[in-house]
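All remarks here apply to the structure that follows.
Numbering (the working numbering), first residue to last: 310 to 540.
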């Protein structure tokens, strides 16, 4: 009998490109300051190329779990995986804009969740989704502040900013060798220049546990102090 994790906290959230201490800091006019971010995204997204996904993975129906037999003699046998095509990331795919917006002061970041075997992260056809915004912070003993006026509008890709249910459950590296985690891309459209911007992103799911401080942190799992400086 297969065992799935329902109502468990959101796993760790990761962002790409990798910056120092969750900081993305660069000068728009200096390609050397952001070329490393571009190369990091290129390497990370290589396995998401549409040709690669079509060859190896299935075109699955969305908004429902892709549950496969995983008990008895077939436990850990090879399982199929659903396609997550790079083109789904739209303006943040690196296909139309090979610099992911970094050369135009409209940078993209990618968000993913760590893999958890057997996790079912939503119910009633509702997928977990990402929202990002200004993060509350303090400077010395001053009052709480947030950078809402600096953030500007954001665009999400896929447009609904969800980790679709069809990519779950995950059966493990041995069983799903071609599995690629779903991604959500966030694009800054008009962020303030020449200043630090404190951002926070969270994942919302209708199966997250609530009650303990740990569970509340999981619901609000954030990219703390994700700073972004453009000149």
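Even for Gly, the Cβ is constructed at its ideal location relative to N, Cα and C. Here the structure is a predicted model, which means the values were calculated and not measured.
Taking one beta carbon from each stretch, the region 489 to 506 and the region 459 to 476 have 3 or more pairs nearer than 8 Å; the two touch. Spanning the alpha carbons of residue 380 and residue 477 requires a straight line of approximately 17 Å. When 327, 408, 345 and 372 are compared, the shortest CA-CA separation from residue 434 is found for 372. Ranking 324, 341, 347 and 513 by CA distance to the CA of residue 431 puts 513 first. When the Cα atoms are used, residue 420 and residue 487 turn out to be separated by approximately 19 Å. With contacts defined by Cβ atoms closer than 8 Å, residue 366 and residue 392 form a contacting pair. The three-state secondary structure of residue 411, taken from DSSP, is helix. Counting only the Cα atoms, residue 437 lies some 6 Å from residue 471. DSSP places residue 378 in no alpha helix (DSSP H); its state is neither H nor E.
Remark: C-beta atoms of residue 440 and residue 500 do not approach each other more closely than 8 Å.
Judged by their CB atoms, residue 502 and residue 414 are nearer to each other than the 8 Å cut-off. Rounded to the nearest whole angstrom, the C-alpha separation of residue 327 and residue 399 is 20 Å.
Residue pairing by DSSP puts residue 367 in a beta bridge opposite 391. CA-CA distance, residue 342 to residue 508, rounds to 20 Å. Scanning its chain for C-beta atoms nearer than 7 Å, with the 5 sequence neighbours on each side dropped, one finds around residue 358 the residues 395, in chain order.
Inter-residue distance for residue 428 and residue 378 is about 15 Å (C-alpha atoms, whole angstroms). Shown here, residue 470 sits in coil according to DSSP, grouped into three states, outside any helix or strand.
The C-beta distance from residue 344 to residue 325 rounds to 15 Å, too long to fall under 8 Å, and the pair is not in contact. Beta-bridge partners of residue 484 (DSSP): none assigned. Under the three-state reduction of DSSP output, residue 445 falls in the coil class, being neither helix nor strand. Residue burial is scored here from C-beta neighbours: residue 474 has at least 16 other C-beta atoms within 10 angstroms and is therefore classed as buried.
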